[in-house]
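Shown next, in structure tokens, is the structure this report addresses.
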Ligand SMILES: [Ca+2]
Ligand SMILES: [Ca+2]
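Numbering (this note's numbering), first residue to last: 97 to 569.
Rendered as structure tokens:
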């Protein structure tokens, strides 16, 4: 794996107004490297997304959509107050603006709960006494004031999820009492300004014993929403299982369905995603842990809750901090901390491990690398974003990595390697800066795509391998 450090060049702006901000942040150093996992090539970008010598940040959430990424996090201000903050990044990692204080009037110890992204907008969710949210544009300007999601849930919440589409925000919240007993999983739907489109929708309430955890939601086609959650506390010895319900467009609810019956009696949900683009072909991909064996499984279900195949074991680890994200095509990333490093495992849509587990940082870190027990990974189609951090007692560096698959020799960037790549290859070979500008990618990324013989540079020695690639030899 080769990695170079570069000063990010000014790029043709995919988003209005990017140039000015890119110029303002042109000092941001972005590393770009070539990584091969299994038989797939990736271009990895990496940068320090947040660093303060005397400050601190925690509670990281990453979301991605339409070629850009959003980070929501909690930053400690020089005054000692802790506020939700927002940062946004263009496709190759260029910051779209400096990080912004989501709510300067937030309470001193507000918690950041989640972040979502749709098109060029981001939403950050946090909790003070109430649960709040605010929506921002691509340059970090708020669309309006922050708003209270609901005044009906007043207990101290530590879990929540926000997703957004073209006109809705869907907040999924696990409501807790002070004694840490869950009262249930609830959903509130608002528009982007916070105007209620629903009341508090009770997804799972605790009439009997089980506590409910980890409410997650995703959009289905045709205006529907699916919510999944774990029921029962495996750490309290309760029978625990993974459940789901659908919220129909008229906000009525389907009956609760048991997705994952407990093999050992103890199951907790790690992730749920919707795959397939048309409703008739959509499926749920559920990732869960079987306790106490600590085996991670992936299993598919129809939208009516029917298992589509057996649970596929991913791996078993004693490490408690496992994070999972799944792409809309069903690819999986599983992140763990092992031996003071952040380790990634990539799986294909059949839950088959791709290559070996890999150390996520592109550049070796001076200090140990960590994840946070939040949401450190997100897919945007095939591009994967990961947030992780290095930490010393007095400072923290938050890193943002992206992994973007590519096909060597696909010089015109249409996903295929054929004769239509010849002109672009010659262009890149003879004028790399011109090529990079024309295709709106960093020069180092362009050089990686054209480095057919994989010796770390794009030059005349790549011509014969390129010709052989086209000839299919
Ligand atoms: Ca091509
Ligand atoms: Ca080469």
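Note that the Cβ used here is the ideal one computed from N, Cα and C, for glycine as well.
It should be emphasised that the depicted structure is a prediction, and the values quoted were computed from it without experimental measurement.
For residue 529, the enclosing alpha helix (DSSP H) begins and ends at 528 to 535.
Taken in chain order, the segment 151 to 220 contains no complete alpha helix (DSSP H) segment of 4 residues or longer. Residue pairing by DSSP puts residue 476 in a beta bridge opposite 479. The beta carbon of residue 455 sits no closer than 6 Å to any heavy atom of ligand 2. At a threshold of 6 Å, residue 508 counts as near ligand 1, since its beta carbon sits closer than that to one of the ligand's heavy atoms. Contact between residue 421 and residue 474 is confirmed by a C-beta separation of about 6 Å, below the 8 Å threshold. Residue 561 sits in a helix when the DSSP states are folded into three classes.
The beta-carbon distance between residue 505 and residue 562, rounded to whole angstroms, is 6 Å. This is short enough to meet the 8 Å contact definition.
Applying a distance threshold of 7 Å between residue Cβ atoms and the heavy atoms of ligand 2 selects 547, 548, 549, 550, 551, 552, 553, 554, 555, 557 and 558, given in chain order. If you draw a straight line from the Cα of residue 410 to the Cα of residue 392, it comes to about 5 Å. Contact between residue 327 and residue 342 is absent: CB atoms are separated by about 16 Å, not below the 8 Å threshold.
Uninterrupted beta strand (DSSP E) stretches at least 3 residues long and entirely within the segment 217 to 242 occur at 217 to 223 and 227 to 232, given in chain order.
In the DSSP annotation of this structure, the continuous segment of the alpha helix (DSSP H) that includes residue 540 starts and ends at 539 to 546. In this structure, the CA atom of residue 135 is about 47 Å from the CA atom of residue 296. Set against 6 Å, the gap from the CB of residue 478 to the closest heavy atom of ligand 1 is not smaller. Annotation for residue 517 indicates a beta carbon within 6 Å of some heavy atom of ligand 1. Straight-line spacing of the CA atoms in residue 501 and residue 547 works out to 15 Å. Nearest in C-alpha terms to residue 499, of all of 488, 482, 515 and 229, is 482. Under DSSP, residue 403 takes part in a beta bridge, and its partners are 397.
Fully contained in the segment 431 to 458 are the following beta strand (DSSP E) runs of length 3 or more, in chain order: 437 to 443. Shown here, residue 131 sits in a strand according to DSSP, grouped into three states. Here DSSP, grouped into helix, strand and coil, assigns residue 308 to strand.
Non-local beta-carbon contacts of residue 447 in its own chain, meaning distances under 6 Å to residues more than five positions away in sequence, involve 394 and 408 in chain order. The DSSP-derived three-state label of residue 319 is helix. Using a cutoff of 6 Å, the CB of residue 525 does not count as near ligand 1, since none of the ligand's heavy atoms is closer than that. Distance from the Cα of residue 542 is smallest, within the candidate group 554, 281 and 166, for 554. Here the C-alpha atom of residue 247 lies approximately 57 Å from the C-alpha atom of residue 552. In terms of side-chain proximity, the C-beta atom of residue 512 is found nearer than 6 Å to a non-hydrogen atom of ligand 1.
According to DSSP, residue 466 shares a beta bridge with 485. Residue 266 carries a strand assignment under DSSP once its states are collapsed to helix, strand and coil. For the pair of segments examined, the segment 312 to 319 was found to touch the segment 255 to 270: the number of CB pairs separated by less than 8 Å reaches three.
When C-alpha distances from residue 517 are compared across 566, 140, 484 and 264, the shortest belongs to 566. Around the beta-carbon of residue 531, 16 or more other beta-carbon atoms lie within 10 Å, marking it buried. Separation of the CB atoms of residue 497 and residue 142 is rounded to 5 Å, and the pair is thereby assigned contact status at 8 Å.
Assigned with DSSP and collapsed to three states, residue 285 falls in strand. Between residue 283 and residue 245, the C-beta gap is not smaller than 7 Å, which leaves the two residues out of contact.
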